[in-house]
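Student: Mind having a look at this structure? Questions to follow.
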Amino acid sequence: MPRIFAYIVHRNGVVDDSAAELAAAATKIDAAAAPTALVVGSGAELDAVCAALPAGFAEVWKISNEALAYPNAELIRKALLKVVPANSLVLVAHEHFGIDLAPGLSIKLNAAFVSDVVGIEGVEGNSLKLVRQEFGGQVSAHVKCDASSGAVLTIRPGTFKSEESGISAAPVVDKSSEIGPLTAGRRYLQTIVPESGDVDITKHAVLVSVGRGIQEKDNIAIAEELAEALGAAVSCSRPVVDAKWLEKSRQVGSSGKTVKPKVYMACGISGSFQHLAGLKGNPFIIAINKNPKAPIFQVADIGIVDDILEFLPELTSKVREMQTVSAK
Amino acid sequence: MLETTQSIVSSWLAPGYTLFLFVQFAGVGAFAYIVARRMLPLVRAQRDQRFDRPLERLQKLGKYFFAQWKHPRYRTAGILHILIFGCFLLLAMRAFTVLLVGVIPAFAILRGEAGHFYEIATDYAATLVFLCMMFAIVRRTVVKPARYEVPAKFGKAHKADAIFLLSLIALLMFADSLFEAAKGAGQLQAGELTHFSAAFSLPWLLKVSLASAPVAILQRLYFGAYLLHAVAFYFLLCYRPFGIQFHVETSLFNIYFSKLDKGTLKPVRWGVSDEQLDQVKSFGVKTFEDFTWKHMLDFYTCADCGRCSDNCPANAAGRPLSPRFISIKARDYAFQHYPMFGRAGNGKPLVGNIFSEDEIWSCTTCGACEEECPLLVEYIDKVVDLRRGLIDDGKVPQSLQKPLKALESRGNPYGKMEKKRGDWINAEGFKQACPVKTLPKNSADTLYFVDSVTSYDDRMQSIGRATARILNHVGENFGVLGAAEKDSGHEVRRFGEETLFMALRDQNTEAIKAAGVQKIVTADPHAFNALKHDYKDLPPVEHISQLIAREVKAGKIEFNPVENKDAVYTYHDPCYLGRHNGVYEDPRNVLDAIPGLKRVEMTRSRDRSFCCGGGGLMLFYEPKEEERIGVKRVRMAAEAGANVIVTACPFCMVNIEDAIKVAGLEGKMTAIDLAELTEKQIARAVPAAEAAAPAEIHEAVLSGR
Amino acid sequence: MEILVCARRVPDTSENEIQLNRAGNDIERDELVYSINEPDNYAVEEALQIVSRVGGNVTVATVGSGDDEEILRREMAMGANHGILITDDAFAGSDGRGIAAILKALVQKGKYDLVLTGVQAEDGGAQVGGMLAAMLDYPFSSLVNSIEVLDRKLKISREIAGGEKEISEIDLPCVLSVQTGINEPRYVGMKGIRAVASLPVPNLGAADLGVDPATVGASGARVTRVDYFVPAAGKTAEMLTGSREENIEKVFELVAAKGGLK
């Protein structure tokens, strides 16, 4: 079996949840061996990350360099090429950074590349048997990957759950001296944080979330009324922001906010993984959608096939009715 | 009094002969130059075919110009204008005579008794105009009708200019009256006056007060009044082409050249057939010169009265569109870029400069503006032309791009599969009770053209089924095109996508011809208008309301009485059935034939009906507005005391049902389509099991859907 | 600036219902409507806007067959100056790396300052742009949502988590993958499409590009899709089957129980 590496995403000294997931994914490929964590960055923050890694790794390779203080995929790729041996398997989380790093890394490693893997069925000789999704999650596909020269896989966050718990006790190997000088054709300048709107959806226990099914801007009021009755906030998926019906600060998803509510009402939301990637903490998900085949019904706790434009106002009336009853 | 050769006054103007001659020539010359400059952009404009059917045009002239037909729609202003206009016509000859008298002392058109009679009439006319001017000034300054106000975004108020003009006309009347008065007083003193004069008219009052003035004074007054009159007259004449008063000159032509066929649209280029259209590189109006000369004449003719915007539903809802300012801004553009002296034209695009994109997309093409305008200024063709230009340049809001793309690939704006278009006829229960033939694999006399919204929208399919049941009931041998039908393309065309429209039209025409039917019926007024006016060489088309009315009259449809005693019905005229096609009475006759049906009329009804918000592609557009157009309409129904709105258009149904919810009137107001109501109330001889299932509609009505 | 946009023709997800075919090994393709991959359309619009600001030409290329030419023509109707169809039997069955290798050959045949792709297509690969850049040794950025042209470089904004934007400088020539929402693509009307219907679209094959067929196509592919399937429902939602009233009752109870009422 080729050696398996897992690229660890971290921010401000905090290890991303995907780290544990990559470790879990690695065991699906090779139940015997635990992967090697690749931790890249700079300074004391990096040490904090190494100390906070979840269990499931055999070894931790630390690469520290001033130039890597901000994660620049090109520089990091150059660094990794110096240390990762040929014919290895490299697992990366399929999110912003992974999308930036992994395809080019696979070329330079002369390895195969499979993105957004949602299932690992096993190994057959030199081939990996994987599962992916296409058409926005409407169909799945069995994929065979020839890993004889190695492979780079991006793993969809949230699909592999780690069995292990606790902090990693794996030895940390400092590989910083092996990487050589680092320059890149792309240079980081700054990060712009969006203006926070009047509502911070990350602070609400209950979210009434709307997707394309709300159909038009004026209908958002229906969701707002329900949210008001529940003491909740209105959030949304990406298409609603693209159509400019709600501000970006309301978007839940991989390119929006990450929320951890207790109750999440997904109204007219199809359930693309980019949206679900923003839902953490295992909330109770109630999904209402006209389309019985919407992918959201795969992840929701309760599903209702109905027209949100009719269902929500009636639910609002019910909530209000019960509140006046209990107030008496 | 007009014969002055033997009169004492005949020499009073003599000293000014050269001056007066100069004033005449200068005035006429200046006016000619000004008008020529004003005509310059029209010469550069696109051609327009307005010289055909002279008899019909003359009839329109009689009705709208001479009889001022549209004016009384706003009573006070209308009466005022009719008086002023009538008097102006009467005074025209007098003004002409008064001017010429300064250089041809013996000049008179009417003599003897006729002349005398004319003199008395015009004395009163001048007085009336003077009084009307005073009244109008008071109205402008004190009453301040809302439709004259200029919203800040459109610039400064027009009030000062209006008052200036009104005052000038009053001055002209005064000068004329003083002129006559001075002459009258002179002749009176000379004992020349032998006949009856216009007692208590302005000239008479002035004459009486001058009766004992010294002759020298009278002479000076006569001379001065003449000069004042001439200068005021020529000043007004030359000033008019610089503002709204130009309509005095242009209105006759504007009305003569006005559009004859309602509901039709101007082609992309007059004189260029569809086949030749690919030689036209640029579609639509992008720069000012892309307008036709008649549209430019419209801009000159707009009198800024605001009646159009007062009736525009988009304007009422707070959208950026105000038809009045389409004309005024374009006119100001023409004035600015075609000045009296210097270079003409700047060729810059209009949208993005004087017009905004949202302004142009906001129009629902309801036609209320055109219906109201006393000068028959046209708007819909201009908006469509401007949209053609935007489409040509790719400047289309994202919200409209999706349905347009769906229309291109699937023949309907929803993006649903073509093969499902005819599925509504297979609904459980319906297909057994009322089997519907699909053409052309079957044959039939009549085609029921369903169109997209009724075919695909779950709610509107009930209108389709009700229509089919009615046709069945009256024994019509009909069928539908099913999956072979494409969207009629009515809104596609009115949103400026002419090429896509032609593709849809050609596909539908082919399918209709293959079906071999003798006539077409539809329950969708947009399809009705398209098939009737946008398509060519089709069998005759009618709307279901016309068919029902006819069958009711013939006794083939009889109605059961209404069950709900508390229901008060009102009929909402759909724009493309009513205003654009004149079908107002048939639907009402149908409703009135239902025993026990209580019907009230909204204030805005028939040709003053208030658009529901628009159909077709307009349902996808996301306007910036303060209140939804449909919500306003639903409130009007409530105000009229109704709790059921009857309409005869599926788009009206979409908008009204939606508006009922948004307005918070659920449970208090419902909407039903005329076909649905007819079908529900038809008295049937056949047993219930085989008859239609009215439960579908009944429940829908009661639950407020 | 010479810009190359690499585009792809895909089934239009918003106008299609994606279902498995009867044999169960592919999706049902009979009644699909195809169009240009949406992010690629945004990329072409961005290229057109850049060129209208700084001058230059926009070329749109795709790897496929005769059917795929329609998207090239559509983008030419939108304003692209050239369209190139890369087609060769040898290319069939290429995986992402294969496509990138083919495109690399195209880029090296021309002189392009900037290469754009859409961030991903219907298969969710999100790979060709990054691979192409690595093969060419050009700098790369994914998820670009803003491009400003400077002297021999660009200032770009990249979409990262939480709606934040990562601002970077990137040297030309480079490859960027473009995210939807970067601009508002102009409308392409039927008239425009008809007008370009007869414009020439050169076809380039393996020999024209100097691509070794063994490295691409099915034979060169390291990743192959075996089949399509719809997974057996694993943990799915408990679907409520009552009347709307009953469902609302249930939802209300659950929300209250989970601590969701104020």
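Chains as they are written, first to last, in our numbering: chain A, 18 to 345; chain B, 149 to 853; chain C, 307 to 568.
Backbone N, C-alpha and C define an ideal beta-carbon position, used for all residues, glycine too.
1) How about C:Leu409: is its C-beta nearer than 8 Å to some C-beta of chain A?
2) Which residues, in chain order, does the region 786 to 812 of chain B contribute to contact with chain A at a C-beta distance below 9 Å?
3) Taking the alpha-carbon of B:Ala140 as reference, which of B:Gly764, B:Ala678, B:Phe768 and B:Met817 has the nearest alpha-carbon?
4) Assuming B:Asp821 is part of the beta strand (DSSP E), what are its boundary residues?
5) Less than 8 Å between the CB atoms is what I'm expecting for B:Glu639 and B:Gly763, so what's the real figure, rounded?
6) At which residues does the alpha helix (DSSP H) containing B:Glu646 begin and terminate?
7) For B:Asn574, is the classification buried or exposed, using 16 other Cβ atoms within 10 angstroms of its Cβ as the cut-off for buried?
8) Can you give the beta carbon distance from B:Val363 to B:Gln337, rounded, assuming they're within the 8 Å contact cut?
9) To the nearest whole angstrom, what separates the beta carbons of B:Gln609 and B:Ile742, a pair I think is in contact under 8 Å?
10) Hey, quick one: how far does the beta strand (DSSP E) through B:Arg754 stretch, first residue to last?
11) Does the CB of C:Glu352 have a neighbour CB from chain B at under 8 Å?
12) Quick one: Cα of A:Gly183 to Cα of A:Ala72, how far?
13) Assuming contact is defined by CB atoms lying nearer than 8 Å, are C:Glu544 and A:Asp318 in contact in what I supplied?
14) Take A:Leu70 and list the residues in its own chain whose beta-carbon comes closer than 8 Å to its own, dropping the five residues that flank it on each side.
15) Return the CA-CA distance between C:Asn419 and C:Thr365, expressed in angstroms with no decimal places.
16) Hey, would you say A:Gly270 sits closer than 8 Å to A:Gly230, going by beta carbons?
17) In angstroms, rounded to a whole number, what distance separates the CA positions of B:Thr152 and B:Pro351?
18) With C-beta atoms as the reference, is A:Ala201 less than 8 Å away from C:Pro445?
19) If we cut at 8 Å on Cβ distances, does B:Glu519 have a partner in chain D?
20) Examine chain A for any beta-carbon lying closer than 8 Å to the beta-carbon of C:Ser447, and answer yes or no.
21) As a quick exercise: from B:Ala310, B:Ala462 and B:His264, pick the residue whose alpha carbon is nearest that of B:Gln393.
22) I'd like to know whether the C-beta atoms of A:Ala283 and A:Ala304 end up nearer to each other than 8 Å.
23) Does the region 273 to 280 of chain B come close enough to the region 217 to 233 of chain B to have 3 or more Cβ pairs within less than 8 Å?
24) Where do the ends of the alpha helix (DSSP H) carrying B:Thr615 lie?
25) Between A:Glu233 and chain B, is the shortest Cβ-Cβ distance under 8 Å, so that the two count as touching?
26) What does DSSP give as the partner residue(s) for B:His691 in the beta ladder?
27) Give the straight-line distance between the Cα atoms of A:Leu332 and C:Lys556, rounded to the nearest whole angstrom.
28) Is the region 245 to 262 of chain B in contact with the region 283 to 291 of chain B, if contact means three or more CB pairs nearer than 8 Å?
29) Return the residue from the list B:Asn501, B:Thr449 and B:Leu595 that minimises the CA-CA distance to B:Ala662.
30) Compute the beta-carbon to beta-carbon distance between B:Ser636 and B:Asp599, rounded to the nearest angstrom, for a pair I have assumed lies under 8 Å.
31) Is the beta carbon of A:Val342 less than 8 Å from the beta carbon of A:Ala246?
32) Using 8 Å for Cβ pairs, my map puts B:Ser693 next to B:Ala614. What's the rounded Cβ distance?
33) Could you pull out every residue in the same chain whose Cβ sits closer than 8 Å to the Cβ of A:Lys74, ignoring the five residues on either side in sequence?
34) Take B:Arg417 and list the residues in its own chain whose beta-carbon comes closer than 6 Å to its own, dropping the five residues that flank it on each side.
35) At a CB-CB cut-off below 7 Å, which residues of chain B make contact with C:Lys564?
Tutor: Concretely, from the data shown:
1) no
2) Asp806, Lys809 and Val810
3) The structure shown does not extend to residue 140 of chain B, since chain B spans only 149 to 853, so no value can be given for it.
4) Thr818 to Asp821
5) 7 Å
6) Glu646 to Ala663
7) exposed
8) 7 Å
9) Their Cβ separation, rounded to whole angstroms, is 24 Å, which puts B:Gln609 and B:Ile742 out of contact at 8 Å.
10) Neither: B:Arg754 is in no beta strand (DSSP E) and is coded neither H nor E.
11) no
12) 6 Å
13) yes
14) Ile25, Val32, Ala36, Ala54, Val56, Val77, Ile184, Ser185 and Ala187
15) In the sequence as presented, Asn is not what sits at residue 419 of chain C; that position holds Asp. About 12 Å.
16) no
17) Confidence at B:Thr152 is low in this model, with a pLDDT of 48, below 50, so the placement of that residue should be treated as unreliable; the coordinate-derived value is given next. One C-alpha to the other measures close to 17 Å.
18) yes
19) In the structure shown, chain D does not exist; the protein chains are A, B and C.
20) yes
21) B:Ala310
22) yes
23) yes
24) Gln609 to His621
25) yes
26) B:Thr670
27) 10 Å
28) no
29) B:Leu595
30) 5 Å
31) no
32) That belief does not hold up - the Cβ atoms of B:Ser693 and B:Ala614 are roughly 12 Å apart, past 8 Å.
33) Correcting the residue identity first, residue 74 of chain A is Phe in this sequence and not Lys. Cβ within range, chain order: Ala23, Ala40, Ala51, Pro52, Thr53, Ala54, Ser185 and Ala187.
34) Val428
35) Going along chain B, no residue has its Cβ under 7 Å from C:Lys564, so there is no contact; the nearest lies around 29 Å.
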